[in-house]
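> Protein chains in written order, with my numbering: chain F, 27 to 370; chain C, 27 to 370. Heads up, the beta-carbon is just placed ideally off N, CA and C, and yes, glycines get one too.
Number of protein chains: 2
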Amino acid sequence: MNIDCPVPYSEDDVVQLGHGAGGRLTAELLDRLVLPALGRRPDGPLEDAALLPGGGELVVSTDSFVVSPLTFPGGDIGSLAVHGTVNDLAMRGALPLALTLAVIAEEGLPLAELRSVLDSAGKAAQQADVPVITGDTKVVGRGAADRLFLNTTGIGRRVPGLAPSSARARAGDAVLLSGPIGLHGTAVLSTREGLGFETDIASDTRPLHRLVRALAPFGDAVHSLRDPTRGGLAASLNEIARDAGVGVEIAESALPVPSAVAAACDLLGLDPLIVANEGCFVAFVAPDIADAALLALRAHPEGAQAVRIGHCTTAHAARVELRTLLGARRVVDMPSGEQLPRIC
Amino acid sequence: MNIDCPVPYSEDDVVQLGHGAGGRLTAELLDRLVLPALGRRPDGPLEDAALLPGGGELVVSTDSFVVSPLTFPGGDIGSLAVHGTVNDLAMRGALPLALTLAVIAEEGLPLAELRSVLDSAGKAAQQADVPVITGDTKVVGRGAADRLFLNTTGIGRRVPGLAPSSARARAGDAVLLSGPIGLHGTAVLSTREGLGFETDIASDTRPLHRLVRALAPFGDAVHSLRDPTRGGLAASLNEIARDAGVGVEIAESALPVPSAVAAACDLLGLDPLIVANEGCFVAFVAPDIADAALLALRAHPEGAQAVRIGHCTTAHAARVELRTLLGARRVVDMPSGEQLPRIC
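1) I'd like to check one pair, Leu127(C) with Leu121(C): are the Cβ atoms closer than 9 Å?
2) If you reduce the DSSP assignment to three classes, tell me which class Cys291(F) lands in.
3) Can you give the Cα-Cα distance for Glu73(C) and Val287(F), rounded to whole angstroms?
4) Determine the direct distance from the alpha carbon of Ser191(F) to that of Ala76(C), and round the result to whole angstroms.
5) Contact between the stretch 167–180 of chain F and the stretch 134–144 of chain F is defined here as three or more beta-carbon pairs at a separation below 8 Å; is this criterion met?
6) Within the 9 Å Cβ cut-off, does Asp269(C) reach chain F?
7) Does Phe175(C) come out as helix, strand or coil in the three-state DSSP assignment?
8) Ala280(F) and Val357(F): beta carbons closer than 9 Å?
9) Residues in its own chain within less than 8 Å of Ile29(C) by CB, not counting five upstream and five downstream?
10) For Leu320(C), which three-state DSSP category applies?
11) Tell me which residues of the stretch 80–100 of chain C have at least one Cβ-Cβ distance to chain F shorter than 7 Å, keeping chain order.
12) In or out: Pro233(C) buried (at least 16 other Cβ within 10 Å) or exposed?
13) Run through the DSSP bridge pairs and tell me what His337(C) is partnered with.
14) Could you check the C-alpha separation between Leu78(F) and Leu221(F) for me, to the nearest Å?
15) Quick one: does Asn264(C) have its CB under 9 Å from some CB of chain B?
16) DSSP puts Ala120(C) in a beta bridge; with which residues?
17) Under 9 Å, do Phe310(C) and Arg184(C) count as touching if we go by C-beta distance?
18) Give the residues of chain C in contact with Pro136(F), contact being defined as C-beta atoms less than 7 Å apart.
19) From the DSSP output, in three-state form, read off Thr255(C) for me.
20) With a CB to CB cut of under 8 Å and the five nearest residues on each side skipped, what residues in its chain are close to Thr111(C)?
21) What are the boundary residues of the alpha helix (DSSP H) that includes Ser216(F)?
22) Apart from the five residues on each side of it in sequence, which residues of its chain come closer than 8 Å, Cβ to Cβ, to Ala154(F)?
23) Can you find a C-beta in chain C that's less than 9 Å from the C-beta of Ile181(F)?
24) Touching or not, the stretch 295–302 of chain C and the stretch 259–274 of chain C, by the rule of three or more beta carbon pairs under 8 Å?
25) Exposed or buried, Thr255(C), counting other C-beta atoms within 10 Å across all chains shown (16 or more means buried)?
26) Taking Glu37(C) and Ala138(F) to be in contact with their CB atoms under 8 Å, please state how far apart those CB atoms are, rounded to whole angstroms.
27) Can you list, in chain order, the residues of its chain whose CB lies under 8 Å from that of Ala151(C), leaving out five sequence neighbours each side?
28) Between Ser250(F) and the rest of its own chain, which residues show a CB-CB distance below 6 Å, the 5 nearest in sequence each way excluded?
29) I believe Ala197(C) touches Cys338(C) by the beta-carbon criterion, under 8 Å. Please report the beta-carbon distance rounded to the nearest angstrom.
30) In its own chain, which residues sit with a C-beta less than 8 Å from the C-beta of Ile207(C), not counting the 5 before and 5 after it?
31) How far does the beta strand (DSSP E) with Asp89(F) in it extend, from its first residue to its last?
32) Interface residues of chain F around Arg368(C) at Cβ under 7 Å?
33) Residues of chain F with CB under 8 Å from Gln152(C), in chain order?
34) Nearest CA to the CA of Glu219(F): which residue from Thr340(F), Leu294(F), Val274(F)?
35) Please report the straight-line C-alpha distance between Phe244(F) and Gly65(C), rounded to a whole angstrom.
36) In the structure shown, what three-state DSSP assignment does Val40(F) receive?
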């Protein structure tokens, strides 16, 4: 893995917001501190979910949710916590078998609000057809947490034939995107900052496992799947380019950016490529099945707007390039990640 | 389940510290709000870990850790997070297959401190012979969390023949305790409050799965296991008495309370029965194997001080009674739980 800054952390270094934003700083923290501490080699692909050792086709994923505000157009921390983990499992080709749900609540949080987001989590789990089988509830004093944090861990079973991995993308692959980008991050930011886009933009938070299952007929030709949450599409494409050692080329003209998202990004000075999503994924598939896979995605409501956005190449290994509307090329960097704290 | 206060929560009710303390308020919150929201029947036994649906002998447990301070005599939040989840799996008779670890860090936390507790988690996982297979890192702004919270979720496989459940205790069972009580809670409280007991008391935090495995030869005669963490021995015994519908009778003379713990509890006005532990468990076993089970526990260093503390009876179903040193009887209530926040 390429780290721009190879010096070890000094004794004075502290946790920064960007360490949690899913971009370059997060990757650095994982490589230089977290993974070595936990005895993991930092050079393997970092997937959305891990295979359970000795567990056959079982995969496991965990995520904590610290989104602020707790409720936003299109969802809340409860539905987000269910969808986020269901989707991380789906990105390994797995359908969810069970979820756990752990609550950290701040003293003084209205129980009505806790009930509302847990009801929402319960409904989301029911709609995703996955039981919440165990949980945990902790309370900290006033000021020791910001209202409510959730953690969900999911266990899933891989759909027979599907074995996507970020390391399996290869030159020639078509890059598909299952839906429009930028909705979740702009919906949360707009609500938090009171920007007034809340009527036009709603989070795309939704479960994606059924859409992934629609790719099952293509089996091994489905090489890599990733949902562009923190760090947005730019982070997901860079992670796959890095893990697989391929170049990724995408066309700006093909990117589905809703006009309200574009307007919000203009106002906020954000690139839609780095804004978090919670209801779409990229699929790297063999070129000969790309059209059929696209049709399979479009046959589902949550994939109705699926498009092909690019392809993989040997030309610029481990790098992502964008062909702009004017025909120029620019490198799409891994976002450093400070811009969008607490988006999920 | 008996709830003293059957009225629904009002719109003005808020989260209290006691809701997270593992006692009566926690049980109430689960029954009246959390479990209904998640579509779970509130009348079944609440175990330390759940069986994975369709997962054969796999069990799953999740816990968030918010202990303050992060480091205390005998351990830190990292080792505690590993031991806590390994032990919850063990209480269902399972050995750990894999852990997940999710971090919520406050902006400004020294990276050296993060590294220290993650190193500790890594070492604890290695010593428990369980890999950390996936994780998550979130950062919140200054003041939005108190330094560091962790979540661990564990997946384990039941030891063949062991199927303990809090509902399986029955009249006549012997109640065994694997080690002394009160060490963890008093160590954390003493450190937090600067009481000066830190030289005499260290947390008992340790993995208990090998000690549980020592009970495997007794198979089905091992009815119930529980580690008395939040809410202490009083909560664990009450939970089993309630879930199994049996009376539990314990002898004060048999309770192993280290003298330093007794002194700290005197000073703090605490009953050692409600102080959290992280390195012992109670086992409800058939009377005919009790002596042999005790010998099996004592053969391991972590069970060297195992003792029989009481038995189950039909006399006072769902109630726990203590025979005092003076021969009197007193009811051991489920602690309400406000007294010891952020102990784990």
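Judging by the given coordinates:
1) What you label residue 121(C) is simply residue 95 of the second sequence in a count that begins at 1. What you label residue 127(C) is simply residue 101 of the second sequence in a count that begins at 1. Not in contact: Leu121(C) and Leu127(C) (Cβ atoms no closer than 9 Å).
2) The sequence position of residue 291(F) within the first sequence is 265, counting from 1. Helix at Cys291(F).
3) Counted from its first residue, the second sequence places residue 73(C) at position 47. Counted from its first residue, the first sequence places residue 287(F) at position 261. Whole-angstrom Cα-Cα distance: 46 Å.
4) Indexing the second sequence from 1 puts residue 76(C) at position 50. Indexing the first sequence from 1 puts residue 191(F) at position 165. One C-alpha to the other measures close to 29 Å.
5) yes
6) As a working mapping, residue 269(C) is identified with position 243 in the second sequence. Closer than 9 Å: no.
7) Translated into the one-based positions of the second sequence, residue 175(C) becomes position 149. Here Phe175(C) sits in strand by DSSP.
8) Working through the first sequence from its first residue, we reach residue 280(F) at position 254. Working through the first sequence from its first residue, we reach residue 357(F) at position 331. No, the pair does not count as a contact, with Cβ atoms beyond the cut-off.
9) On the second sequence, residue 29(C) is found 3 positions in, with the first residue counted as 1. Unreliable placement is indicated for Ile29(C), whose pLDDT of 42 sits below 50; no coordinate value is reported for it.
10) Locating residue 320(C) in the second sequence gives position 294, counting from the first residue. Looking at Leu320(C) - three-state DSSP - the assignment turns out to be helix.
11) Gly80, Gly81, Val86, Ser87, Thr88, Asp89, Ser90, Val92
12) The residue you call residue 233(C) lines up with position 207 of the second sequence. So Pro233(C) counts as buried.
13) In the second sequence, the residue the question calls residue 337(C) occupies position 311. DSSP lists Ala200(C), Glu275(C) as partners of His337(C).
14) Within the first sequence, numbered from 1, the residue matching residue 78(F) stands at position 52. Within the first sequence, numbered from 1, the residue matching residue 221(F) stands at position 195. Whole-angstrom Cα-Cα distance: 43 Å.
15) Of the protein chains in this structure, namely F and C, none is chain B.
16) The residue you call residue 120(C) lines up with position 94 of the second sequence. Its beta-bridge partners are Arg184(C).
17) Numbered from 1 along the second sequence, position 284 holds the residue referred to as residue 310(C). Numbered from 1 along the second sequence, position 158 holds the residue referred to as residue 184(C). Their beta carbons are not under 9 Å apart, which means Phe310(C) does not touch Arg184(C) by this criterion.
18) Indexing the first sequence from 1 puts residue 136(F) at position 110. In chain order: Val40.
19) Position 229 of the second sequence holds residue 255(C). Correct three-state label for Thr255(C): coil.
20) Counting from 1 along the second sequence, the entry for residue 111(C) is found at position 85. Contacts found: Ser87, Thr88, Asp89, Pro122, Leu125, Thr178, Thr179, Gly180.
21) The residue given as residue 216(F) occupies position 190 in the first sequence. Where Ser216(F) is concerned, the enclosing alpha helix (DSSP H) starts and stops at 209–219.
22) What you label residue 154(F) is simply residue 128 of the first sequence in a count that begins at 1. Here the set comprises Val108, His109, Val112, Pro122, Pro233, His235.
23) Locating residue 181(F) in the first sequence gives position 155, counting from the first residue. Ile181(F) counts as touching chain C.
24) yes
25) On the second sequence, position 229 is the one that residue 255(C) refers to. Classification of Thr255(C): buried, given that the 10 Å Cβ count is 16 or more.
26) What you label residue 37(C) is simply residue 11 of the second sequence in a count that begins at 1. What you label residue 138(F) is simply residue 112 of the first sequence in a count that begins at 1. Approximately 6 Å separates the beta-carbon atoms of Glu37(C) and Ala138(F); this is inside 8 Å, confirming the contact.
27) Counted from its first residue, the second sequence places residue 151(C) at position 125. Val108, Leu125, Pro157, Val158, listed in sequence order.
28) Residue 250(F) sits at position 224 when you count from the first residue of the first sequence. If we look at Ser250(F) and ignore the five residues flanking it on each side, its Cβ neighbours are Pro190, Ser192, Arg194, Ala195, Ile266, Phe310.
29) Numbered from 1 along the second sequence, position 171 holds the residue referred to as residue 197(C). Numbered from 1 along the second sequence, position 312 holds the residue referred to as residue 338(C). So it is a contact: roughly 5 Å between Cβ atoms.
30) Here the question's residue 207(C) lines up with position 181 in the second sequence. Setting aside the 5 residues that flank it on each side, Ile207(C) is surrounded in the same chain by Pro254, Gly258, Leu259, Leu281, Pro282, Val283, Val287, Pro298, Leu299, Val301, Asn303, Cys306, each with a C-beta closer than 8 Å to its C-beta; the list follows chain order.
31) Indexing the first sequence from 1 puts residue 89(F) at position 63. Note, Asp89(F): beta strand (DSSP E), 84–91.
32) Here residue 368(C) corresponds to residue number 342 of the second sequence, with the count starting at 1. Per Cβ cutoff of 7 Å: Val166.
33) Residue numbering aside, residue 152(C) sits at position 126 when the second sequence is read from its first letter. What Gln152(C) touches in chain F: Gly65.
34) By 1-based counting over the first sequence, the position of residue 219(F) is 193. The residue with the shortest Cα to Cα distance from Glu219(F) is Leu294(F).
35) Translated into the one-based positions of the first sequence, residue 244(F) becomes position 218. Translated into the one-based positions of the second sequence, residue 65(C) becomes position 39. So the two alpha carbons sit approximately 35 Å from each other.
36) Start at 1 with the first residue of the first sequence, and residue 40(F) comes out as number 14. It is a strand residue.
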